[in-house]
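Chemist: Residue numbers (my numbering), protein chains in the order written: chain G, 1410 to 1505; chain B, 2 to 361.
Heads up, the beta-carbon is just placed ideally off N, CA and C, and yes, glycines get one too.
I am attaching a structure below and will ask some questions about it afterwards.
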């Protein structure tokens, strides 16, 4: 079985082999793995891969899936073009 | 900044039902829907619903969506389509992204009815073209009129897997097999029996090990699982197909609530991270309510009832008392009890108990 061909995060193209490498290096929280691999940082913001990563961590640590902490969600929940945020901010200044 | 009495996030069965009750209570309401049309998942549900008359039993999902939308003909309602709510902040302000415009909206109360998204499976070559979620297949077939393939294998025997298999057959697609990792079928027997009568092979204790194909899916390799979910060596089998449809459950769209740091908890039976809410459906954030699948995966019937309760309560706490408040409150709570009783409601009752809602 090629773990490189098992895709865990479709947005950032991260495989199970990548995730297992992280776990073996001692990074065993969703937050750690996110910082190293960028899992959960694409368009879906972890809605799809978080569950799979949670399951891999649970398996690796021999704990229940419920006890593995989810990733922190930060605004915004999907991609927004910076120029559009800037345009809204400038419009707001004109109103004031 | 746009200001409203109530903002409803999500225009599916829960959100639309919440709008109706809140409008009847006299609120000025705005509903924000990410899609180009209202109705949520109902718009692709061509099958007739179960349940009781009060949740439109024997009516097709797509027709229920029409009924819910028609009931909202009210000048106090503003509908925002193609509008994604991208931020929720503690002072009851949301940020919205619609057609490349980013703007803020403030409300006395906010109802989160964002629904759920599909879970995915980890197996070899799970990124080959031709591998879909069951919801995506329904969208392709029933909204856009596009077939996903000619020969499909379905993974997962929950009601969605069973119903979408049937809809594939109705559309002229061959369902080669339906495989299920557990030892028994997850959805209603009546749906499974219908598939069996049409000659669909339902294979339990089995999962997909690998997809095979050059540039697109051509076949899958399945493997048997033992009682502890371990693969049984040597039990691999091949099934040829040009599409694989994955229906392994849904997960609540918790992101807005999580970002605003509402009190959340992970409950497997409810599909993932869900908010802890009061009996008035208020989350730990003042004046922010939640209903429907975002509070735990269930049927659209219960989402509609929950939506009405959330609308009723959000209105009440903002000073808008519905003309039939008391009768409605009793009636809706009774409906939920009925929907959640019996063996089919066991999983949801067990999940809800973990967030403090007891139905036993």
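Would you mind reading off the limits of the alpha helix (DSSP H) that contains residue 270 of chain B?
Modeler: Residue 270 of chain B -> no alpha helix (DSSP H), and no H or E assigned at all.
Chemist: Considering only C-alpha positions, which residue in the set B:167, B:188, B:172 is nearest to residue 178 of chain B?
Modeler: B:167
Chemist: Indicate the three-state DSSP secondary structure (helix, strand or coil) for residue 4 of chain B in the structure shown.
Modeler: Residue state, collapsed to three classes: strand.
Chemist: Does the distance from the CB of residue 15 of chain B to the CB of residue 304 of chain B come in under 8 Å?
Modeler: yes
Chemist: Would you give the residue range spanned by the alpha helix (DSSP H) that residue 305 of chain B belongs to?
Modeler: 301–318
Chemist: Could you tell me whether the Cβ of residue 1484 of chain G comes closer than 8 Å to any Cβ of chain B?
Modeler: yes
Chemist: Would you call residue 1499 of chain G buried or exposed, if buried means 16 or more other Cβ atoms sit within 10 Å of its Cβ?
Modeler: exposed
Chemist: Could you tell me the boundaries of the alpha helix (DSSP H) in which residue 169 of chain B lies?
Modeler: 160–171
Chemist: Residues bridged to residue 351 of chain B by DSSP?
Modeler: Answer by DSSP bridge pairing: none, since residue 351 of chain B is not bridged.
Chemist: Could you check which residue in B:297, B:263, B:300 has the C-alpha nearest to that of residue 283 of chain B?
Modeler: Here the closest residue by C-alpha is B:263.
Chemist: Three Cβ pairs or more, each shorter than 8 Å: is that satisfied between the stretch 214–228 of chain B and the stretch 243–260 of chain B?
Modeler: yes
Chemist: Quick one: complete beta strand (DSSP E) runs, 3+ long, within the stretch 109–139 of chain B?
Modeler: 117–119, 132–134
Chemist: Roughly how many whole angstroms lie between the Cα atoms of residue 1445 of chain G and residue 248 of chain B?
Modeler: In this structure, the alpha-carbon of residue 1445 of chain G lies about 30 Å from that of residue 248 of chain B.
Chemist: With the cut-off set at 8 Å, would you say residue 120 of chain B and residue 73 of chain B are in Cβ contact?
Modeler: no
Chemist: Quick one: any contact between the stretch 127–146 of chain B and the stretch 30–48 of chain B, if contact means 3 or more CB pairs under 8 Å?
Modeler: The stretch 127–146 of chain B and the stretch 30–48 of chain B touch, with no fewer than 3 CB-CB distances between them shorter than 8 Å.
Chemist: Which runs of the beta strand (DSSP E) fall wholly inside the stretch 178–263 of chain B and span at least 3 residues, in chain order?
Modeler: 207–213, 220–225, 238–241, 244–247, 251–253
Chemist: Give the DSSP-derived three-state secondary structure of residue 142 of chain B in the structure shown.
Modeler: helix
Chemist: Just to check my reading of the structure: residue 159 of chain B and residue 188 of chain B have Cβ atoms closer than 8 Å, yes? What is that Cβ distance to the nearest angstrom?
Modeler: Confirmed, Cβ separation roughly 5 Å.
Chemist: Counting only the same chain and skipping the five closest in sequence on each side, list residues whose C-beta sits under 6 Å from that of residue 3 of chain B.
Modeler: 106
Chemist: Identify the contact partners of residue 257 of chain B in chain G, using a Cβ-Cβ distance below 7 Å as the criterion.
Modeler: 1486
Chemist: Answer with buried or exposed for residue 313 of chain B, where buried requires no fewer than 16 other C-beta atoms within 10 angstroms of its C-beta.
Modeler: By the neighbour-count rule (16 or more Cβ atoms within 10 Å), residue 313 of chain B is buried.
Chemist: Hey, would you say residue 225 of chain B sits closer than 8 Å to residue 206 of chain B, going by beta carbons?
Modeler: Going by beta carbons, residue 225 of chain B and residue 206 of chain B fall inside the 8 Å limit.
Chemist: What residues in the stretch 126–151 of chain B have a beta carbon less than 7 Å from any beta carbon of chain G?
Modeler: 126, 127, 128
Chemist: Mapping DSSP to helix, strand and coil, what is residue 1418 of chain G?
Modeler: Strand at residue 1418 of chain G.
Chemist: Which of the three DSSP states, helix, strand or coil, is assigned to residue 1424 of chain G?
Modeler: strand
Chemist: Whole angstroms is fine: what's the gap from residue 111 of chain B's alpha carbon to residue 1432 of chain G's?
Modeler: 40 Å
Chemist: CA-CA distance, residue 93 of chain B and residue 132 of chain B?
Modeler: 40 Å
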